[in-house]
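For the sequence shown, numbering that gives the first Met the number 0 begins at 0 and goes up steadily by one.
By construction, the Cβ of each residue, glycine as well, lies at the ideal position given by its N, Cα and C atoms.
Encoded as structure tokens, the structure appears first; notes follow it.
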Amino acid sequence: MNEEEQYKHMLRIIQEGQLGLLQEQLQREPHLLGALNVKHFGKSGDTLLHYAARHGHLSILTYLVEAVGMDVEVLNNDYKRPLHEAASMGHRDCLLYLLSRGTEVDCLKKADWTPLMMACTKTKLDIIKDLIEHRANPMLKNKDGWNCFHIATREGDVAIIQYLLDVFPDIWKTESKIKRTPLHTAAMHGCFEVIEVLLERCNYDPDCKDSCGVTPFMDAVQNGHLSIAQLLIEKKKVCYSAFDRMGAQALHLAAVTGQNESLQYLVSHLGVNVNEKATSMQLSALHYAAKVW
Numbered sequence: 000m001n002e003e004e005q006y007k008h009m010l011r012i013i014q015e016g017q018l019g020l021l022q023e024q025l026q027r028e029p030h031l032l033g034a035l036n037v038k039h040f041g042k043s044g045d046t047l048l049h050y051a052a053r054h055g056h057l058s059i060l061t062y063l064v065e066a067v068g069m070d071v072e073v074l075n076n077d078y079k080r081p082l083h084e085a086a087s088m089g090h091r092d093c094l095l096y097l098l099s100r101g102t103e104v105d106c107l108k109k110a111d112w113t114p115l116m117m118a119c120t121k122t123k124l125d126i127i128k129d130l131i132e133h134r135a136n137p138m139l140k141n142k143d144g145w146n147c148f149h150i151a152t153r154e155g156d157v158a159i160i161q162y163l164l165d166v167f168p169d170i171w172k173t174e175s176k177i178k179r180t181p182l183h184t185a186a187m188h189g190c191f192e193v194i195e196v197l198l199e200r201c202n203y204d205p206d207c208k209d210s211c212g213v214t215p216f217m218d219a220v221q222n223g224h225l226s227i228a229q230l231l232i233e234k235k236k237v238c239y240s241a242f243d244r245m246g247a248q249a250l251h252l253a254a255v256t257g258q259n260e261s262l263q264y265l266v267s268h269l270g271v272n273v274n275e276k277a278t279s280m281q282l283s284a285l286h287y288a289a290k291v292w
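Shown next, in the form of structure tokens:
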């Protein structure tokens, strides 16, 4: 077995969580030890620590740090540290161990994602609490201008939304680089219970527009989330006839995405004129519907 094959064998052992076999291999092949801190694998350039943290093998993680001497701040090609892996995969024991070893809690990966942001893409509230209790900054934004709250509204876990609002009451006051709010995001992704919380606890302008002129109501309608559209009408009396920057209304956006129930609601319940024209070309909803085909 050549050296490259020896390293590949070691990776398989780590992925399987076989600490004893790993120790045996390094005792048998001690020449591998010297390169472990600088050895990166695959296109992503992961190290053994990244693999151990990703797969949740605390015993191996501990061994690599304390016995082998690997650096907890080691980066892969995307600038991800082992903490990013533990946070995104929800491995709490590995996360707490890395934090106890002094790893930077707000370390950034490519596109400026922190471990807290990655944790908010999952539904692991305990991981989020651990990071915040270790002074993670929830106000940091990634390259698109999203903070962790914005990310959490996309995923739709109400308990996480409530917790973030409890510990940081102003965290909702954020928008992306294209002026999209968490209210837009929750509406677009159909997160009904999150919308209820946002309307109750946050002071959003319900008719706020992003840089394309799209409102949360438009997002809900064009993505087929009729219950959210109805909630925005009932609770906030939103403007269902607002125009985006191209001159299109919710009617036209629902037509181009083929949302029949939304169209029925707009025309039959809200009384929207089915022949309403959009843009300087005076296009009807029928023109927009034809684009689907």
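- Are there three or more Cβ pairs, one per stretch, closer than 8 Å when the stretch 144-155 is compared with the stretch 187-195? yes
Of the residues Leu31, Gln24, Gly89, which one's Cα is nearest the Cα of aspartate 125?
Taking the first residue of the sequence shown as position 1, residue 125 is located at position 126. Nearest of Leu31, Gln24, Gly89 to aspartate 125, Cα basis: Gly89.
Item to check | Helix, strand or coil at aspartate 129 according to DSSP, with G and I counted as helix | outcome: To locate residue 129, count along the sequence shown from 1; it is residue 130. Helix, per DSSP.
Grab the span of the alpha helix (DSSP H) containing methionine 88 for me, first residue to last. Here residue 88 corresponds to residue number 89 of the sequence shown, with the count starting at 1. First-last of the alpha helix (DSSP H) with methionine 88: 81-88.
Exercise. Between valine 213 and leucine 250, is the Cβ-Cβ spacing less than 9 Å?
Worked result: As a first step, residue 213 is located in the sequence shown; it is residue number 214 there, counting from the start. As a first step, residue 250 is located in the sequence shown; it is residue number 251 there, counting from the start. No, the pair does not count as a contact, with Cβ atoms beyond the cut-off.
- Compute the distance between the beta-carbons of glutamate 260 and leucine 225, then report whether it is under 9 Å. Numbered from 1 along the sequence shown, position 261 holds the residue referred to as residue 260. Numbered from 1 along the sequence shown, position 226 holds the residue referred to as residue 225. Yes, the pair counts as a contact, with Cβ atoms nearer than the cut-off.
| message | Please list the terminal residues of the continuous alpha helix (DSSP H) segment that includes lysine 123. | response | Within the sequence shown, residue 123 is the residue found at index 124, counting from 1. Taken as a continuous stretch (DSSP letters only), lysine 123 belongs to no alpha helix (DSSP H), as it is neither H nor E.
- Query: Expressed to the nearest angstrom, what Euclidean distance is found between the alpha-carbon atoms of methionine 117 and asparagine 75?
  - Reply: Looking up residue 117 in the sequence shown gives position 118. Looking up residue 75 in the sequence shown gives position 76. A direct Cα-Cα distance of roughly 16 Å separates methionine 117 from asparagine 75.
_Going by C-alpha to C-alpha distance, which of Gln22, Met9, His30 sits closest to threonine 46?_
The residue you call residue 46 lines up with position 47 of the sequence shown. The shortest C-alpha separation from threonine 46 is found at Met9.
| request: State the CB to CB distance for the pair cysteine 106 and leucine 139, rounded to an integer number of angstroms; the pair is presumed to be in contact (CB under 8 Å). | output: As a first step, residue 106 must be located in the sequence shown, where it is residue number 107. As a first step, residue 139 must be located in the sequence shown, where it is residue number 140. Their Cβ separation, rounded to whole angstroms, is 11 Å, which puts cysteine 106 and leucine 139 out of contact at 8 Å.
* **Close beta carbons around leucine 252, own chain, < 7 Å, minus the five adjacent residues each side** => The count along the sequence shown starts at 1 and reaches residue 252 at position 253. Same-chain partners within the cutoff: Met217, Val220, Gln221.
Q: Pull up the distance between the alpha-carbon of threonine 61 and that of alanine 254, whole angstroms please.
A: By 1-based counting over the sequence shown, the position of residue 61 is 62. By 1-based counting over the sequence shown, the position of residue 254 is 255. C-alpha separation (whole angstroms): 56 Å.
Check: Would a C-beta distance cut-off of 9 Å place asparagine 91 and lysine 123 closer than the cut-off?
Finding: As a first step, residue 91 must be located in the sequence shown, where it is residue number 92. As a first step, residue 123 must be located in the sequence shown, where it is residue number 124. In the sequence on display, residue 91 carries arginine and not asparagine. Result yes, Cβ atoms of arginine 91 and lysine 123 sit closer than 9 Å.
*Roughly how many whole angstroms lie between the Cα atoms of glutamate 4 and arginine 200?*
Stepping through the sequence shown from its first residue, residue 4 is reached at position 5. Stepping through the sequence shown from its first residue, residue 200 is reached at position 201. If I take the Cα positions, the gap works out to 56 Å.
Q) Apart from the five residues on each side of it in sequence, which residues of its chain come closer than 7 Å, Cβ to Cβ, to valine 64? A) The residue you call residue 64 lines up with position 65 of the sequence shown. Cβ within range, chain order: Val71, Arg100.
query: Which two residues bound the contiguous alpha helix (DSSP H) that contains phenylalanine 216?
result: Counted from its first residue, the sequence shown places residue 216 at position 217. First-last of the alpha helix (DSSP H) with phenylalanine 216: 215-221.
- Task: Confirm, please, whether the CB-CB distance from lysine 42 to tyrosine 78 is below 9 Å.
- Result: As a working note, residue 78 is residue 79 in the sequence shown. As a working note, residue 42 is residue 43 in the sequence shown. In this structure, lysine 42 does not lie closer than 9 Å to tyrosine 78 by Cβ.
(message) So for phenylalanine 40, helix, strand or coil by DSSP?
(response) Indexing the sequence shown from 1 puts residue 40 at position 41. Here phenylalanine 40 sits in strand by DSSP.
Tell whether a beta-carbon distance below 9 Å holds between leucine 164 and isoleucine 194.
If you number the sequence shown from 1, residue 164 lands on position 165. If you number the sequence shown from 1, residue 194 lands on position 195. Not in contact: leucine 164 and isoleucine 194 (Cβ atoms no closer than 9 Å).
Only counting the same chain, and skipping five residues up and downstream in sequence, which positions put a Cβ closer than 7 Å to that of valine 67? To locate residue 67, count along the sequence shown from 1; it is residue 68. Counting only Cβ-Cβ distances below 7 Å, and skipping sequence neighbours, we find Leu32, Leu35.
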